[in-house]
Each structure stands twice: as C-alpha cells, then as structure tokens.
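Asker: Residue numbers (full-length UniProt numbering): 1 to 408. Can you keep this structure in mind? I'll have questions shortly.
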Amino acid sequence: MDFSSSSLLRKQSVRSGGSNWLNRRAVCTATTAIEAVPKKQFSPWLMLPPEFESGTTNYKFFSIPENKIQTPIPSDGISNLRLTCCRGSSHGWLALLSPINDHFILYNPISRNQINLPSVVNLAPYPGAHLSSDTTWRDVEKLILSSSPEEDEENCRALIINGCGNALAFCCPMRSKEWTIIWDKESTTMYDDCVYSARLKLFFVLTNDYKVETWDLMDLSSPKRIKVERYDYFTSVERLLWVMSEPKYHLVVVGKDLLLVIQYIMFNIAPDGSCFYNMNPDKDKSREMTIRFEILKYDPTTKGNFKHVDNLYLGGLAIFVGIHSHALAIKATRANGVKPNSIYFTDAFGAGGLEGGSDDDDLLCNRDFGIYNYLDKTVSHFDDYPLDERSLREMSPAPIWFFPSPAI
C-alpha cells in the first residue's frame, strides 16, 4: 500500500488508504451531531523546543492565527527548567518533570509563575502490576488540570497517569503535600488517556480494555469512581485499520458530550510515501505517518452507547490532540485561524526528551504532525510553516499544543 508524501512544508493530501472501499463503512453509521462549544474562543499555539541562553529559558511557540513564532518574556531565575521533560500542557500551564532530581512543577511560560507539585518518587503501581527490571514508577505519562490553579486554588485538581500508565493519582496543586493514588485493587487495568469536564465537574479516564471510567475528585479524602462504561467501536473497516496501523486513543470533552478520537498511525514510511516492513528500520530514512481518524461520541448523562460521528456532523469544530496535551475542541473562526471540521495532531507516541538535553532516539524520530480533514479524509501540514524541513524532522523534544489562556 502506498501513501503519497512530499515536502512537509507544502500542503499535501494523503489519502487514508489506497482503496475507495476503505472509506465506505461496512455497517450503518449513526449521523451523530456534536454539541456546540461555548462561545468563548482561544487561539492555539504549537510549543517548540526552548532555547537556553545565559541562564534564561526562551520558550518559543508557533501561533496559528498569526502564522509566526511567538517568544514570551525569557524565564530567568527559575531553577530546574533545563533538564526537564514536559509531561502535560493544560489550562496555560506546563507540567515539567526532572528525571535528574525528580523535581515536579507546574510552570506558566507567559506569567513565569511556578508551582511546586508533590514528589512522584514514592508513587507505587497497583498491587497486581507486573514489574520489569527497567520500569520506573517515577515517570509520568500525562498530567491534566481541572482549571488554572491561580484562578481556583481550592477546587483545582491535577490528575496524572503514572508508571507507564499503571496508576492514577491526583492532588490539589497549591495545597496538597502528596499525591492520592486511586485504583481498583482487584484490577490490572492500564490507562491510556484522561480529560476533564468543567460542566459536569468530572474526570474521564480511558483504559486499555475498552472502558471509560468516570471519577469525582472534589473530595480530596474520598475520591469516587461513579461509572464505568464499556465501548465497542470495531467495524470491519476499523479492524482492518487496527491490523494495518497502531491506534492511539484521545478523550475530548465538547459541552456535555465526550468524544473518543482514534488516531491511526502507520510506521515504516519511506521518503517516497511507500510502506515497508523491517524489524530494524533506518530511522534516518523512515518515519511514522497518521493516516486516518475516527470519532465516537458519548453522552455521559444518559445510558446511551458510544456512536460514530458521521463525516458531515463535526459541526465546524477543530479538535486538538497530541502527546501530553490536554485535548480539546474549539469552534473554528476567522479570528482564531483554524480550519473547521479538522483534527490538529502532533506526535502520538514520541516521548518528549529532555528540554535542553539530547535523546538520540527522540532526535532521529521523524515528526508526525499536521491537520486531518474529517470530511474528505485527507492529511495536510501547516501552510507556510516558518521552519525548514530538516528542522521539522529533527525537532526534539516533540512539539505539543499549548493554549495561552485557560481553554476548557
């Protein structure tokens, strides 16, 4: 199977499969509309690797509405920023974790404010976890916030997926001294993603066994798992995509609805767009490529099942997903410069290496980010992006989405 590919700087169309039948669903698809998002709008930025000069940290962002690089005021006097890994981007804050000294902080690159988070050193996996010799439970897969801690200190909650996805923990960022671990002691569930609904004041967590858990974390001493919903999305088309590629699952809240966004990534893509199979591919010559998305919708307030979102019913939304980023959807407008009925995506699997360090595996990974048109099933890259192709391909750590204002 061949997927045409050209320069990352030129807009391109990459069909999600070489056969027309792949785009026809084998079973009836529900024409499910998405609820409108709130009127409040936000402008997304793509966070680029920071630069370090004379003791200052210069964070750089690509602004989609303005189509240019933004550089906020340099961060001076803030310790432990250089050798850190970004493990979250939520409500205008970055979650930075240092593997050197286990320092874990929330950092706002716009205001330059910093909040120390409880240490993750003593967090343990669930009791039934199968440990390997190289597993570290100090790492964090993802952090999201329920709100900006500066705007609602008492009610803000931070939720993390830690230990290779094997445990959940939460805290109140400006008040808690330690993380509260939450799990089902009889379960061996692993966690893939999480999101927060401001309307329902609930966290939703996606498991690796096709379930969505609903958590109420308002009471710090008594977290409650109030619902578990199982989903089954496989049709013959999705089964084929699952065999051909690696799926990555994202949760997105839109109003009262919960979306499950499934990103299909093909590996071992040659420079000419062809796909090949090699147990030890040349990382300089191969890359990964997103070939398709599917979206399911679920109303947590009802007992209904997850339903496919039809191509024509995305409702003018632009959805943003990516590694470590708090996924969200906004209404596309001329002011915010985003394209309607589109999914803006960044690397789904590439771990974001050290800020200011060098991770060879991460450096050699060819970046996979762009815009997926949900109507015609094509992938394009950002028009007139102000970096050359080599800079895009060798960007390390991987870029993530950042919203300069609280966005959910």
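Where is the CB? At the ideal position from N, CA and C, for every residue including glycine.
1) So, helix, strand or coil for Ile400, using DSSP?
2) Taking the DSSP output, what are the residues bridged to Ala198?
3) Taking C-alpha atoms, which residue in Phe267, Thr378 and Asp257 lies nearest to Leu200?
4) Once the 5 residues before and after Val228 are set aside, which same chain residues still bring their CB inside 8 Å of it?
5) If you measure from the CB of Asn101, is any heavy atom of the ligand FMN nearer than 7 Å?
6) Leaving out five residues before and five after Pro72 in sequence, what residues of the same chain have Cβ atoms less than 7 Å from its Cβ?
7) List the whole-angstrom C-beta distance separating Leu202 from Asp193, where the pair is believed to meet the contact cut-off of C-beta under 8 Å.
8) Can you have a look at Lys297 and say buried or exposed, based on whether 16 or more other CB atoms are within 10 angstroms of its CB?
9) DSSP has Tyr298 in a bridge; who is on the other side?
10) Cutting at 7 Å between CB atoms, please list the residues of its own chain near Ser119, excluding the five before and the five after it.
11) What do you get for Thr301, buried or exposed, if any count of 16 or more other CB atoms within 10 angstroms of its CB means buried?
12) Under 8 Å between the Cβ atoms of Ser148 and Trp93?
13) If Ile64 and Val338 are in contact, beta carbons under 8 Å, what's the gap, nearest whole angstrom?
14) Does the beta carbon of Ile291 sit closer than 8 Å to a beta carbon anywhere in chain C?
15) From Met190 to Leu159, what does the alpha carbon distance come to, in whole angstroms?
16) If you compare alpha carbons, which of Pro404, Ala329, Asp376 and Glu154 is closest to residue 411?
17) Shortest alpha-carbon distance to Ser43 belongs to which of Pro50, Glu51, Phe62 and Phe52?
18) Which residues share a DSSP beta bridge with Cys171?
Answerer: By the coordinates alone:
1) Ile400 falls in the strand class under three-state DSSP.
2) Partner(s): none; Ala198 has no beta bridge.
3) Taking each of Phe267, Thr378 and Asp257 in turn and checking the Cα distance to Leu200, the smallest one comes out for Asp257.
4) Scanning its chain for C-beta atoms nearer than 8 Å, with the 5 sequence neighbours on each side dropped, one finds around Val228 the residues Lys211, Val212, Glu213 and Thr214, in chain order.
5) Absence of the ligand FMN is noted for the structure shown, with no ligands found whatsoever.
6) Correct list, in chain order: Tyr59, Pro109 and Ile110.
7) No, Leu202 and Asp193 are not in contact; Cβ-Cβ is about 15 Å, not under 8 Å.
8) Lys297 comes out buried.
9) BP columns for Tyr298 point to Leu258.
10) Cβ neighbours of Ser119 beyond the five flanking positions: Asp102 and Phe104.
11) Exposed.
12) Judged by their CB atoms, Ser148 and Trp93 are nearer to each other than the 8 Å cut-off.
13) Contact flag correct, Cβ pair sits at about 6 Å.
14) Absence of chain C from the displayed structure is noted, only one protein chain being present.
15) Rounded to whole angstroms, Met190 to Leu159 spans 15 Å at the Cα level.
16) The shown model of the chain, from 1 to 408, leaves out residue 411, and the question about it has no answer.
17) The candidate whose alpha carbon is nearest that of Ser43 is Phe62.
18) Per DSSP, Ala158.
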